[in-house]
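Below is one structure; the comments refer to it alone.
Residue numbers (full-length UniProt numbering): 1 to 338.
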């Protein structure tokens with residue numbers, strides 16, 4: 001697989017990782033949709049499946065090159081490099097854009113999800129009672145999740161580990177937003193904002209040769225929380241990949257229909273004309289209620305009024321659709337070249 005990839009392919013793979021990382025950060029959007037539409041979803045799942053007992057035997061025996069080839073290491077490393085870069089760059093930009101241009105950000109993602117539904121549906125011809133039932137279940141599950149009320153923040157490390165396992169579902173199951181699930185579990189701000197910022201600030205301090213953070217108990221606790229969350233995410237990623245690879249192999253049509261249902265059901269979560277999930281001050285700090293708690297607002301959808309910004313939002317929806325169609329075109333061109 002790797003020998004057929006050109007330098008351009010590898011650069012695009014990093015960019016796709018950037019896209020997955022950014023999508024995973026945004027509540028209601030699934031990084032798995034990026035993988036599905038860009039045409040590398042199955043390779044992603046089957047590569048993760050290779051992280052198994054045989055892989056660890058190669059690793060512990062010091063056969064590092066064999067281990068790297070066995071797990072399709074170059075593919076995974078380029079993809080995860082893009083995701084890592086995204087966490088410290090694009091995701092920061094997204095935080096800013098959601099605060100200042102919320103309507104347009106959600107419009108782009110809404111358009112991307114519509115484009116994803118078109119992409120998956122156009123080549124799916126196996127409609128029967130089983131796949132229609134799977135589609136319906138997926139839609140109902142996606143809609144039901146969007147109406148659940150969020151819990152309160154919980155930094156218990158066992159719960160954080162569980163959050164890591166659940167949150168990674170967005171990477172492996174298109175249409176199932178891991179970051180939105182974190183909101184429902186009450187830990188979105190803790191795990192995807194506060195802990196990431198703590199790591200960013202720590203790197204900045206180390207770069208300045210300032211190690212005073214070692215005495216900062218709160219900073220160390222946040223780093224511990226992030227480490228446990230990461231371990232949970234890796235555990236969930238490998239576990240889900242084994243389950244999904246089996247399902248894709250034996251029930252591909254039903255799985256595809258269910259995924260399509262999840263994606264359709266998630267449209268309500270990314271409806272552009274809604275209130276934000278959590279509201280920030282213009283300086284990036286969180287608004288506090290009278291008790292000093294961070295305000296986390298749940299979605300309140302409403303019908304748009306036809307005013308100038310509404311027309312801009314519609315244009316951004318079209319842009320989102322165009323992005324997905326562009327990815328589809330590139331994916332087809334790449335497959336034809338091979």
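Ideal Cβ placement from N, Cα and C applies to all residues, glycine included. Fair warning: this is a prediction, and the values are worked out from it, not measured in the lab.
Exercise for review: Could you tell me the distance, in whole angstroms, from the CA atom of residue 33 to the CA atom of residue 116?
Suggested key: 7 Å
Review point. Hey, quick one: how far does the alpha helix (DSSP H) through residue 249 stretch, first residue to last?
Key: 217-250
Check your understanding: When DSSP labels each residue in this structure, what does residue 299 get in the three-state scheme?
Key -> Its pLDDT being 41, under 50, residue 299 is placed unreliably by the model, and the measurement read from it follows with that caveat. Reduced to three states, the DSSP call for residue 299 is coil.
Review point. Going straight from the alpha carbon of residue 324 to that of residue 109, what length do you get?
Key: 10 Å
Check your understanding: What do you get for residue 162, buried or exposed, if any count of 16 or more other CB atoms within 10 angstroms of its CB means buried?
Key -> By the 16-neighbour rule on beta-carbons within 10 angstroms, residue 162 is buried.
Check your understanding: If you draw a straight line from the C-alpha of residue 216 to the C-alpha of residue 210, how long is it?
Key -> 12 Å
**Study point:** Cβ neighbours of residue 205 in the same chain (closer than 6 Å, five flanking residues each side left out)
**Key:** 213
Exercise for review: Could you spell out where the alpha helix (DSSP H) holding residue 14 opens and where it closes?
Suggested key: 7-25
Check your understanding: Three or more beta-carbon pairs under 8 Å between the region 33-52 and the region 70-79, yes or no?
Key -> yes
**Study point:** Buried/exposed call for residue 142, threshold 16 Cβ in 10 Å
**Key:** Its Cβ being crowded by 16 or more others within 10 Å, residue 142 is buried.
Practice item. Could you tell me whether the Cβ atoms of residue 173 and residue 262 are closer together than 8 Å? Key: yes
Review point. Taking all protein chains shown into account, do 16 or more other C-beta atoms lie within 10 angstroms of the C-beta of residue 244, making it buried, or fewer, making it exposed?
Key: Burial of residue 244 is indicated by the presence of at least 16 other C-beta atoms within 10 angstroms of its C-beta.
Check your understanding: What three-state label does DSSP hand residue 57 in the structure shown?
Key -> helix
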